[in-house]
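See structure below.
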Ligand SMILES: Nc1nc2c(ncn2[C@@H]2O[C@H](COP(=O)(O)OP(=O)(O)OP(=O)(O)O)[C@@H](O)[C@H]2O)c(=O)[nH]1
Ligand SMILES: [Mg+2]
């Protein structure tokens, strides 16, 4: 049984312009005005269902530029979303290094953002899936402009986190 409030810090890391602010803005405000967000913490209450039970949790979002190797920045993160831009070439070495360094710090998620621009994409599922598989990361193809893709990811992360608490995953 879970008692008390569920509160999870979720950090988003990734290159400049990959869409970290836009994704947070979509989740917290249901808008895509990402560029107006400052670097402070933003909160969102979420409800979700897992194994027939309903849960409520508060997510606290933190945006971090680049792929930090600074322990303190990621401290206390329950989940870390690695945001990559599908319209840019993937820097596999950099992302892999970050994954290796951060695996023990929180649940790692790979978010391939801007899928609404798929006809301009140079990075796609087949480029990311091997990496996700190798390190056991869940991969989400998302767009800050497509609310359902972002909701699906938030739901997935919430269920993975509750699964960890319940000792299932
Ligand atoms: N088409 C499209 N554009 C997006 C998407 N997400 C973000 N953008 C655009 O990409 C640009 C960068 O988005 P931001 O959310 O500011 O990216 P960021 O990662 O927070 O960037 P920094 O804070 O500067 O590191 C903006 O022009 C956004 O409008 C998306 O899913 N689709
Ligand atoms: Mg930003």
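Numbering (full-length UniProt numbering), first residue to last: 1 to 169.
C-beta atoms are modelled at their ideal positions from N, C-alpha and C, and glycine is treated no differently.
All values derive from a computational prediction rather than experimental measurement.
So who's on the other strand from residue i, going by DSSP bridges?
i          : result
residue 55 : 48
residue 65 : 14
residue 33 : Bridge partners of residue 33: none, in fact.
residue 43 : 60
residue 79 : 10, 107
Alpha carbon to alpha carbon, what distance is there between residue j and residue i?
i           : j           : result
residue 42  : residue 10  : 10 angstroms
residue 177 : residue 60  : Any question about residue 177 goes unanswered here, given that the chain covers just 1 to 169.
residue 63  : residue 53  : 30 angstroms
residue 110 : residue 135 : 11 angstroms
residue 16  : residue 131 : 21 angstroms
residue 119 : residue 88  : 12 angstroms
residue 159 : residue 45  : 14 angstroms
residue 68  : residue 94  : 10 angstroms
residue 165 : residue 113 : 28 angstroms
residue 125 : residue 83  : 14 angstroms
By Cβ distance below 8 angstroms, which residues in the same chain neighbour residue i in space, the five residues on each side in sequence not counted?
i           : result
residue 115 : 86, 121, 141, 142, 143, 146, 149
residue 102 : 74, 80, 108
residue 58  : 5, 6, 7, 8, 43, 44, 45, 46
residue 76  : 9
residue 66  : 13, 14, 15, 16
residue 19  : 34, 83, 85, 113, 114, 144
residue 99  : 82, 108, 131, 135, 137
Starting from the C-beta of residue i, find all residues in its chain whose C-beta is less than 7 angstroms away, skip the five residues before and the five after it, and write them out in chain order.
i           : result
residue 127 : 90
residue 26  : 32, 144, 147, 150
residue 48  : 55, 155, 158, 159
residue 153 : 111, 140, 142
So residue i and residue j are supposed to be a Cβ contact under 8 angstroms. How far apart are they, rounded?
i          : j           : result
residue 50 : residue 162 : 5 angstroms
Leaving out five residues before and five after residue i in sequence, what residues of the same chain have Cβ atoms less than 6 angstroms from its Cβ?
i           : result
residue 117 : 87
residue 92  : none
Completely contained alpha helix (DSSP H) runs for the segment 102-162, where each covers 4 or more residues: Taking 4 residues as the minimum length, the alpha helix (DSSP H) runs contained wholly in the segment 102-162 are 125-135, in order along the chain.
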